[in-house]
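Report on one structure; see the data block that follows.
Residue numbers (this note's numbering), protein chains in the order written: chain A, 2 to 275; chain B, 42 to 307.
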């Protein structure tokens, strides 16, 4: 089935006003309902290499696996379980691939990347993330942060040491506690959520949420949600207007209508027996 | 590296670098910052430093601890904060804030902690749990840790939406002292004024014609968002590009005329 009929995608990425390289990488495939965003780190251009490998490999592996397993035709329970398994496996494979490149080529030593992957399937979204790249959801004009950063700051907030307001003044930003490609194994955090028509999902690198307040992100999605490419560019522009100290990348996905798993003859036959 | 400057009546007595995870202040000799004065408790206060951030805690002192004139129990120290203990003042300086290498610090780095019990969070540093910070790609060596046992937090449904009520203002805007205002000139709302205080202000009717005015450092820009018709400014129809508004521009949108102008901020 083609999810492009139900989902609208728009994205933008920019080097920012300070950095010389864009180490962020993004990729979307509307037909399979996939969005991937990675924020690379590491000296010279190694960060770009890490995020580039992550995005390319995950996109191509997901395409193959989805076709092979007919993931978009599976029922809820089976499909959700398969999705999580798939995401886990592909993230692990990508981690190994980056880790091995980093170890085999001195110029890539120590490279790594954050990751956020969103897969839309059967009126739900499964999100896998590692590090401080985020997924937000706008629903009923309200913005919610769906993922929780794997970062020192988040740990301090969780432990009650810092309030969210105080965290904005912390000098310890940008210290992630998990990243792809740094260690031989990494665990992605994976969750599945229901999706409603009208929802807008935002994947972003920390270059956005460090520079633009959540309330301004919400304002932008509400004001420009009807024109997704404009909204994506506006978010990047706001980050840059506020200083653009980091690369900034956004992927927006708007749910125009529901997208139940395809009604195949098999599922119809099965439903007769229920 | 953050430091403390101890003064009495404006005279600098001593400087202390915050090199330790926990720096204690008190009257007794074992304190890192010893203040030999009876108004100071034996163990008066402690400062816990985690990388570039420092937290001050009053240790139940008799006479209390003030920061910038306010009594505190726990306080997240900011560059320039003045801690008052008795008649003594301790200024907290964190040079990172003014450092020219700020950009370097903003590069995302991986923080790896030594395996620790699930309960022990960073917040427990006071009880001695240590965190081990490395910058892997500058050090280049990647040593595999046996287990990467970060507990998976439960799905976060909590909102970051601790949205403060302040209007999003763009710092250092070129139009800083002037406020952009839209006055409706025709239609049922004629005469009404709309202050362009937020980063984005929406105009028009959803589903029919919508435009937004974005407040940017360079000024106010109008952009078409949706609808078959584009906004008209001073009789000229705009294209998809954002258009910089000038004082007293006349905008026509969804059949309504309005004027944009600057007025001195209240």
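Backbone N, C-alpha and C define an ideal beta-carbon position, used for all residues, glycine too.
Taking residue 228 of chain A as the query, report the chain B residues whose CB atoms sit under 7 Å from its CB, ordered along the chain.
266 and 267
Could I get the ranges of all uninterrupted alpha helix (DSSP H) runs contained in the stretch 22 to 91 of chain A, with 4 residues as the minimum, in chain order?
47 to 70
Cβ atoms of residue 248 of chain A and residue 212 of chain A: under 8 Å apart, would you say?
no
Under 8 Å between the Cβ atoms of residue 154 of chain A and residue 171 of chain A?
yes
Residues within the stretch 242 to 253 of chain B neighbouring chain A, beta-carbon criterion of under 9 Å:
242, 243, 247, 248, 251 and 253
Between the stretch 72 to 99 of chain B and chain A, which residues of the former have a C-beta closer than 8 Å to a C-beta of the latter?
91, 92, 93, 94 and 96
In chain B, what lies closer than 7 Å to residue 257 of chain A by C-beta?
Correct list: empty, because the minimum Cβ distance to chain B is about 14 Å.
Taking only beta-carbon positions, decide if residue 12 of chain A is within less than 8 Å of chain B.
no
Report yes if the C-beta distance between residue 4 of chain A and residue 28 of chain A is below 8 Å; otherwise report no.
no
How many whole angstroms separate the CB atoms of residue 225 of chain B and residue 232 of chain B, which I take to be in contact at a CB cut-off of 8 Å?
7 Å
Taking the beta carbon of residue 45 of chain A as the centre, do at least 16 other beta carbons fall within 10 Å, making it buried, or is it exposed?
exposed
Could you tell me how far apart the beta carbons of residue 109 of chain A and residue 218 of chain A are, in whole angstroms, since I believe they sit closer than 8 Å?
Not quite, the Cβ-Cβ distance comes to about 33 Å (not below 8 Å), so this is no contact.
For residue 20 of chain A, does the count of other Cβ atoms within 10 angstroms reach 16, so buried, or fall short, so exposed?
buried
Output, in chain order, the set of chain B residues within a Cβ distance shorter than 8 Å of residue 204 of chain A.
In chain order: nothing, as chain B lies at least about 15 Å away.
Measure the Cβ-Cβ separation of residue 26 of chain A and residue 10 of chain A and say whether it is below 8 Å.
no
Helix, strand or coil: how does DSSP classify residue 322 of chain B here?
Absent from the structure is residue 322 of chain B, since the part of chain B shown begins at 42 and ends at 307.
How should residue 144 of chain B be labelled, buried or exposed, when 16 other C-beta atoms within 10 angstroms of its C-beta is the threshold for buried?
With a pLDDT of only 48 at residue 144 of chain B, under the threshold of 50, the placement of this residue in the model should not be trusted, and no figure is reported.
Find the residues of chain B that neighbour residue 21 of chain A, judging by a C-beta separation of less than 9 Å, and give them in chain order.
Neighbours of residue 21 of chain A on chain B: none; closest Cβ ~10 Å, over 9 Å.
With the cut-off set at 8 Å, would you say residue 189 of chain A and residue 126 of chain A are in Cβ contact?
no
If you draw a straight line from the C-alpha of residue 89 of chain A to the C-alpha of residue 287 of chain B, how long is it?
54 Å
Cβ-Cβ distance between residue 44 of chain B and residue 59 of chain B below 8 Å
yes
Could you check the C-alpha separation between residue 215 of chain B and residue 240 of chain B for me, to the nearest Å?
Annotation note: pLDDT 45 at residue 215 of chain B (below 50); position unreliable, coordinate value reported separately. Rounded to whole angstroms, residue 215 of chain B to residue 240 of chain B spans 14 Å at the Cα level.
Can you grab the Cα-Cα spacing for the pair residue 49 of chain B / residue 132 of chain B, in whole Å?
11 Å
For the candidate residues B:265, B:268, B:292 and B:128, whose alpha-carbon lies nearest to that of residue 277 of chain B?
B:292
With 8 Å as the threshold, decide whether the Cβ of residue 148 of chain B is near any Cβ in chain A.
yes
Counting only C-beta atoms, is residue 170 of chain A closer than 8 Å to chain B at any point?
yes
Given that residue 177 of chain A touches chain B, what residues does it touch there, using C-beta distances under 8 Å?
149, 150, 151 and 152
Count the other CB atoms within 10 Å of the CB of residue 158 of chain B; is the residue buried (16 or more) or exposed (fewer)?
Low local confidence applies: a pLDDT of 43 at residue 158 of chain B is under 50, so the model's placement there is unreliable, and no value is given.
Kindly indicate if chain B contains any beta-carbon less than 8 Å away from that of residue 235 of chain A.
yes
By the three-class DSSP mapping on this structure, what secondary structure does residue 259 of chain B have?
coil
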